[in-house]
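J.: Just so you know, the sequences run in chain order S and Z. My numbering puts the first sequence at residues 2 to 355. My numbering puts the second sequence at residues 2 to 355. C-beta: ideal position from N, C-alpha, C; glycine also. Quantities reported herein were computed from a predicted structural model and do not represent experimental measurements. Structure provided below as structure tokens; questions to follow.
Protein chains: 2
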Amino acid sequence: MNKWIACLIIGLSLICCDTSSKEKLISKSPASKSESFGLVIHGGAGTILKENMTDSLEMAYRDKLEEAIRAGHKVLADGGTSMKAVTTSINILENSPLFNAGKGAVFTHEGTNELDASVMDGHTLNAGAIAGVTTVKNPIDLALAVMNNSEHVMLSAKGAEKFATEQGIEIVDPSYFYTDRRFKSLQSILEKEKKALEKNQSTPISYLDPFINDYKYGTVGCAALDKFGNLAAGTSTGGMTNKKYNRIGDAPIIGAGTYANNASCAVSSTGWGEYFIRGMVAHDIAAMMEYKEVTLQDAAQEVIQQKLKNLGGTGGIVSIDKNGNVAMEFNTAGMYRAHMNAEGKLIIKIYENE
Amino acid sequence: MNKWIACLIIGLSLICCDTSSKEKLISKSPASKSESFGLVIHGGAGTILKENMTDSLEMAYRDKLEEAIRAGHKVLADGGTSMKAVTTSINILENSPLFNAGKGAVFTHEGTNELDASVMDGHTLNAGAIAGVTTVKNPIDLALAVMNNSEHVMLSAKGAEKFATEQGIEIVDPSYFYTDRRFKSLQSILEKEKKALEKNQSTPISYLDPFINDYKYGTVGCAALDKFGNLAAGTSTGGMTNKKYNRIGDAPIIGAGTYANNASCAVSSTGWGEYFIRGMVAHDIAAMMEYKEVTLQDAAQEVIQQKLKNLGGTGGIVSIDKNGNVAMEFNTAGMYRAHMNAEGKLIIKIYENE
Numbered sequence: 002m003n004k005w006i007a008c009l010i011i012g013l014s015l016i017c018c019d020t021s022s023k024e025k026l027i028s029k030s031p032a033s034k035s036e037s038f039g040l041v042i043h044g045g046a047g048t049i050l051k052e053n054m055t056d057s058l059e060m061a062y063r064d065k066l067e068e069a070i071r072a073g074h075k076v077l078a079d080g081g082t083s084m085k086a087v088t089t090s091i092n093i094l095e096n097s098p099l100f101n102a103g104k105g106a107v108f109t110h111e112g113t114n115e116l117d118a119s120v121m122d123g124h125t126l127n128a129g130a131i132a133g134v135t136t137v138k139n140p141i142d143l144a145l146a147v148m149n150n151s152e153h154v155m156l157s158a159k160g161a162e163k164f165a166t167e168q169g170i171e172i173v174d175p176s177y178f179y180t181d182r183r184f185k186s187l188q189s190i191l192e193k194e195k196k197a198l199e200k201n202q203s204t205p206i207s208y209l210d211p212f213i214n215d216y217k218y219g220t221v222g223c224a225a226l227d228k229f230g231n232l233a234a235g236t237s238t239g240g241m242t243n244k245k246y247n248r249i250g251d252a253p254i255i256g257a258g259t260y261a262n263n264a265s266c267a268v269s270s271t272g273w274g275e276y277f278i279r280g281m282v283a284h285d286i287a288a289m290m291e292y293k294e295v296t297l298q299d300a301a302q303e304v305i306q307q308k309l310k311n312l313g314g315t316g317g318i319v320s321i322d323k324n325g326n327v328a329m330e331f332n333t334a335g336m337y338r339a340h341m342n343a344e345g346k347l348i349i350k351i352y353e354n355e
Numbered sequence: 002m003n004k005w006i007a008c009l010i011i012g013l014s015l016i017c018c019d020t021s022s023k024e025k026l027i028s029k030s031p032a033s034k035s036e037s038f039g040l041v042i043h044g045g046a047g048t049i050l051k052e053n054m055t056d057s058l059e060m061a062y063r064d065k066l067e068e069a070i071r072a073g074h075k076v077l078a079d080g081g082t083s084m085k086a087v088t089t090s091i092n093i094l095e096n097s098p099l100f101n102a103g104k105g106a107v108f109t110h111e112g113t114n115e116l117d118a119s120v121m122d123g124h125t126l127n128a129g130a131i132a133g134v135t136t137v138k139n140p141i142d143l144a145l146a147v148m149n150n151s152e153h154v155m156l157s158a159k160g161a162e163k164f165a166t167e168q169g170i171e172i173v174d175p176s177y178f179y180t181d182r183r184f185k186s187l188q189s190i191l192e193k194e195k196k197a198l199e200k201n202q203s204t205p206i207s208y209l210d211p212f213i214n215d216y217k218y219g220t221v222g223c224a225a226l227d228k229f230g231n232l233a234a235g236t237s238t239g240g241m242t243n244k245k246y247n248r249i250g251d252a253p254i255i256g257a258g259t260y261a262n263n264a265s266c267a268v269s270s271t272g273w274g275e276y277f278i279r280g281m282v283a284h285d286i287a288a289m290m291e292y293k294e295v296t297l298q299d300a301a302q303e304v305i306q307q308k309l310k311n312l313g314g315t316g317g318i319v320s321i322d323k324n325g326n327v328a329m330e331f332n333t334a335g336m337y338r339a340h341m342n343a344e345g346k347l348i349i350k351i352y353e354n355e
């Protein structure tokens with residue numbers, strides 16, 4: 002009998018010592034079901050604190066997030082594609098001055114607005130991205146057109162605008178992107194930069210946003226799963242206030258700002274873009290799920306709370322996997338975010354603890 | 002005694018049924034040793050066939066590859082960093098008209114030369130990238146300056162050129178990049194495009210290169226491991242002949258064209274850039290090594306010969322891992338490539354079967 006106990010101990014220790022197989026057993030999920038559709042959106046992450054927010058402003062954010070997620074959800078409920086849901090939700094956020102994308106885009110150092118966006122289709126692994134456009138009302142629509150109607154994945158600047166015109170994408174005068182608040186943000190940073198220069202101090206990377214209290218990274222994004230079991234993701238941004246040298250952030254970088262793969266999950270990022278590129282955040286979460294066979298939540302947590310943090314990066318992601326499981330993970334004080342599942346259960350959150 | 006045998010069988014079956022732990026056992030490599038330095042370079046992949054090559058041209062390619070790899074090897078042998086070896090080797094390839102990078106860059110649809118490049122440091126996960134510059138003699142040097150001296154990872158177009166000037170990077174007149182051969186390539190494609198349009202045929206993506214016989218993707222790149230056990234990678238390109246709309250390919254995209262991580266490997270890609278972005282080729286190889294614990298060769302083979310091929314993409318990669326193992330994997334007829342290890346063993350190859 003003692004021998005059997007010894008045998009059991011050996012057997013158990015063989016299982017326990019191998020963490021890979023353990024994760025495999027834990028994370029095994031049921032096959033994708035057509036009814037498990039859903040979507041998740043974000044409107045930027047950063048130091049978003051309740052004490053700096055008025056009730057009416059908070060209400061405005063929650064209302065707009067709800068409008069965007071309900072619109073995307075309706076697309077999915079009506080049998081539309083995940084990509085259509087993604088662009089529908091993002092269009093609403095782009096058209097609001099509340100978020101740093103489309104209408105509400107921040108200003109560059111030169112006082113212009115340069116917009117970036119990308120989309121990816123998890124079924125075909127097709128992708129489209131644009132960087133540095135100044136006249137396209139809804140950059141996410143142009144990213145989609147690049148994916149669908151060009152032989153390229155990524156277009157930039159004047160060339161991307163030329164393509165937009167040829168595609169009949171809505172063009173606006175650059176002044177469309179002028180908002181008092183964003184312009185004042187730039188002036189405030191330029192003033193600080195000037196003072197720092199006068200004192201021979203190094204100029205900090207400053208992206209002051211009046212709605213995300215200190216460092217800020219207002220980007221909008223969406224990840225969706227449709228009734229056909231297909232995933233899609235998209236991200237749109239105005240980048241960073243006071244950005245220079247035609248900087249390109251993570252939002253238009255496939256694998257960093259946006260990634261979707263039916264084999265794993267769809268991800269949209271928001272945060273300090275440089276770190277999201279270096280960490281390949283969106284693709285890393287998907288790769289970890291696929292190759293280590295961990296759950297979406299475990300992968301998102303490890304990438305955002307450990308790997309990104311260890312690099313010194315801040316921000317977050319929203320993601321949905323092939324089974325409709327959702328992660329809204331961030332390492333900042335807050336992230337504007339919302340989720341709606343197939344049953345119509347709605348979650349809208351801003352701060353960390355709510 | 003029979004009970005002990007039963008116990009042994011249970012134990013063995015527990016090991017054998019778990020493929021993850023099996024791979025783990027197979028791929029377990031010795032810890033990184035300081036003597037296992039080395040580097041590997043490429044000068045583009047595509048339909049490179051011996052029957053289309055003269056002896057003298059082939060010799061010119063082999064000589065230039067040897068010059069580049071020996072220069073990088075000397076850096077490593079003398080105790081220099083992997084990043085210094087990468088930029089040293091790439092500078093030599095950039096300064097040669099043989100390769101589609103720097104001096105030999107191909108022409109865009111508009112008859113200009115737009116250069117892209119990126120570098121990544123596997124120790125710090127720092128990275129630098131530039132896209133669409135027209136006046137920078139050695140784009141890889143600018144990518145390095147972006148990594149070392151800017152708060153950003155990726156700069157583009159005029160902004161990147163402004164940064165280059167501020168950094169004292171060598172600026173040349175755009176006419177420096179004029180080579181008869183590349184200009185004739187563009188004219189030949191424009192002619193074909195015109196004829197196709199006249200016949201109402203869809204215009205193919207054509208990147209005819211006289212040295213890589215049909216579709217071509219001449220990019221140069223290097224991956225290196227130094228005596229300190231640190232990995233680095235870099236890639237530089239003129240993109241695709243006849244590219245339009247300020248297209249950005251994979252060369253300046255961290256995770257697609259270039260990736261380095263001391264936890265796994267350093268990779269530089271060359272091929273049809275759009276597919277390398279969609280497949281996140283460089284990061285995918287590294288992630289597969291790290292999360293599935295397979296060897297570099299197995300990961301490179303699966304990504305290039307299966308995943309990339311299934312997408313419809315063609316091209317290849319060169320890569321070195323933290324133990325000095327090297328992969329030079331491609332799914333085209335040829336890839337200009339060279340490898341040199343710590344013992345000074347030199348490999349230079351062009352075609353598939355040699």
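1) What residue ranges within the region 96 to 175 of chain Z form continuous beta strand (DSSP E) runs of no fewer than 3 residues, ordered along the chain?
2) Quick check on the DSSP output: what are the complete alpha helix (DSSP H) runs of length 4 or more inside the region 269 to 299 of chain S, in order along the chain?
3) Please confirm whether Asn-127 of chain S has its beta-carbon closer than 8 Å to some beta-carbon of chain Z.
4) Determine the DSSP secondary structure at Glu-59 of chain S, reduced to helix, strand or coil.
5) Please report the straight-line C-alpha distance between Ile-206 of chain S and Ile-190 of chain S, rounded to a whole angstrom.
6) Tell me which residue opens and which closes the alpha helix (DSSP H) that Met-331 of chain Z is part of.
7) Please say whether Ile-141 of chain Z and Ala-161 of chain Z have beta carbons closer to each other than 8 Å?
8) Would you identify the three-state DSSP class for Tyr-352 of chain S, choosing helix, strand or coil?
9) When you compare the CB of Asp-174 of chain S with every CB in chain Z, is at least one pair closer than 8 Å?
10) Helix or strand or just coil, what does DSSP make of Tyr-260 of chain S?
11) How many Å lie between Gly-133 of chain S and Thr-109 of chain S at the Cα?
12) Could you give the distance in angstroms between the alpha-carbon of Ala-339 of chain S and the alpha-carbon of Ala-72 of chain Z?
13) How would you list, in chain order, the residues of chain Z whose beta-carbon sits under 9 Å from the beta-carbon of His-124 of chain S?
14) Compare the C-beta of Asp-215 of chain S against all C-beta atoms of chain Z and say whether one is closer than 8 Å.
15) Span of the alpha helix (DSSP H) holding Ser-189 of chain Z?
16) Excluding the 5 residues flanking Ala-264 of chain S on each side, which residues of the same chain have their C-beta closer than 6 Å to its C-beta?
17) Taking only the alpha-carbon atoms, compute the straight-line gap between Phe-164 of chain S and Glu-355 of chain Z and give it to the nearest angstrom.
18) Mind checking Ser-176 of chain S: buried by the 16 CB within 10 Å criterion, or exposed?
19) With a threshold of 16 other CB atoms inside 10 Å of the CB of Met-155 of chain Z, please say whether the residue is buried or exposed.
20) Would Met-60 of chain Z be called buried (16 or more neighbouring beta carbons within 10 Å of its own) or exposed?
21) Mind pulling the chain Z residues with CB within less than 7 Å of Val-154 of chain S?
22) What's the C-alpha gap between Ile-42 of chain Z and Glu-167 of chain S?
23) Suppose only complete runs of 4+ residues qualify. What are the alpha helix (DSSP H) ranges in the region 68 to 100 of chain S, listed by chain order?
24) Met-84 of chain S versus chain Z: which residues are under 7 Å apart at the beta carbon?
25) My assumption, with CB atoms under 8 Å, is that Ile-93 of chain Z sits in contact with Met-341 of chain Z. Please give the rounded CB distance.
26) Helix, strand or coil, according to DSSP, for Tyr-337 of chain Z in the structure here?
27) Shortest alpha-carbon distance to Phe-178 of chain S belongs to which of S:Asn-96, S:Gly-230, S:Met-148 and S:Leu-143?
28) Is the beta carbon of Leu-309 of chain Z closer than 8 Å to that of Thr-242 of chain Z?
29) For chain S, is any of its Cβ atoms less than 8 Å away from the one on Arg-248 of chain Z?
30) Is the beta carbon of Ala-102 of chain Z closer than 8 Å to that of Gly-335 of chain Z?
31) With the cut-off set at 8 Å, would you say Ser-320 of chain S and Ile-286 of chain S are in Cβ contact?
32) Reducing DSSP to helix, strand and coil, say where Asp-210 of chain S ends up.
33) Report the option in S:Ala-118, S:Ile-91 and S:Gly-44 whose CA atom is closest to the CA atom of Ala-257 of chain S.
34) Can you pull the chain S neighbours of Lys-293 of chain Z, defined as C-beta to C-beta under 7 Å?
35) Starting from Ala-161 of chain S, find everything on chain Z with Cβ-Cβ shorter than 8 Å and list it in chain order.
36) Would you decide whether Thr-259 of chain S is buried or exposed? Buried here means 16 or more other CB atoms lie within 10 Å of its CB.
T.: Reading off the structure:
1) Counting whole runs of 3 or more residues, the region 96 to 175 of chain Z contains the beta strand (DSSP E) stretches 116 to 122, 128 to 134 and 155 to 157.
2) The DSSP assignment places complete alpha helix (DSSP H) segments of no fewer than 4 residues inside the region 269 to 299 of chain S at 274 to 279 and 282 to 293, in order along the chain.
3) At least one chain Z Cβ lies under 8 Å of Asn-127 of chain S.
4) Note: Glu-59 of chain S maps to helix in three-state DSSP.
5) Caution applies to Ile-206 of chain S, whose pLDDT of 44 falls short of 50 and renders its modelled position unreliable; the model cannot decide the point.
6) In the sequence on display, residue 331 of chain Z carries Phe and not Met. Counted as a single uninterrupted DSSP element, the stretch harbouring Phe-331 of chain Z is not any alpha helix (DSSP H) but the beta strand (DSSP E) occupying residues 327 to 331.
7) It is not a contact, given that the beta carbons lie outside the stated cut-off.
8) In the structure shown, Tyr-352 of chain S sits in a strand (DSSP, three-state: E or B).
9) Asp-174 of chain S does not count as touching chain Z.
10) DSSP places Tyr-260 of chain S in strand when its eight states are reduced to three.
11) In a straight line, the C-alpha of Gly-133 of chain S is about 11 Å away from that of Thr-109 of chain S.
12) Roughly 54 Å between the two C-alpha positions.
13) Within chain Z, no residue comes near His-124 of chain S; the closest Cβ sits about 12 Å away, beyond 9 Å.
14) Caution applies to Asp-215 of chain S, whose pLDDT of 42 falls short of 50 and renders its modelled position unreliable; the model cannot decide the point.
15) 181 to 199 is the span of the alpha helix (DSSP H), which, as asked, contains Ser-189 of chain Z.
16) Same-chain partners within the cutoff: Glu-291.
17) The C-alpha of Glu-355 of chain Z is placed about 44 Å away from the C-alpha of Phe-164 of chain S.
18) Around the beta carbon of Ser-176 of chain S, fewer than 16 other beta carbons lie within 10 angstroms, which makes this residue exposed.
19) With 16 or more other CB atoms across the displayed protein chains lying within 10 angstroms of its CB, Met-155 of chain Z is buried.
20) Around the beta carbon of Met-60 of chain Z, fewer than 16 other beta carbons sit within 10 angstroms, so the residue counts as exposed.
21) Within 7 Å Cβ-Cβ: Glu-275, Ile-278 and Arg-279.
22) In a straight line, the C-alpha of Ile-42 of chain Z is about 40 Å away from that of Glu-167 of chain S.
23) Runs of the alpha helix (DSSP H) inside the region 68 to 100 of chain S: 83 to 95.
24) Residues of chain Z whose Cβ lies closer than 7 Å to the Cβ of Met-84 of chain S do not exist; the shortest such Cβ separation is about 15 Å.
25) About 14 Å separates the two Cβ atoms, so there is no contact after all.
26) Tyr-337 of chain Z sits in a strand when the DSSP states are folded into three classes.
27) Nearest of S:Asn-96, S:Gly-230, S:Met-148 and S:Leu-143 to Phe-178 of chain S, Cα basis: S:Asn-96.
28) Not in contact: Thr-242 of chain Z and Leu-309 of chain Z (Cβ atoms no closer than 8 Å).
29) Yes, contact with chain S.
30) Note that the C-beta distance between Gly-335 of chain Z and Ala-102 of chain Z is not below 8 Å.
31) In this structure, the beta-carbon distance from Ser-320 of chain S to Ile-286 of chain S falls below 8 Å.
32) A caution first: Asp-210 of chain S carries a pLDDT of 45, below 50, which makes its placement in the model too unreliable to give a value.
33) It is S:Ala-118.
34) For Lys-293 of chain Z, the residues of chain S that pass the 7 Å Cβ criterion are Tyr-292, in the order they occur in the chain.
35) In chain order: Tyr-246 and Asn-247.
36) Thr-259 of chain S counts as buried, since no fewer than 16 other beta carbons sit within 10 angstroms of its beta carbon.
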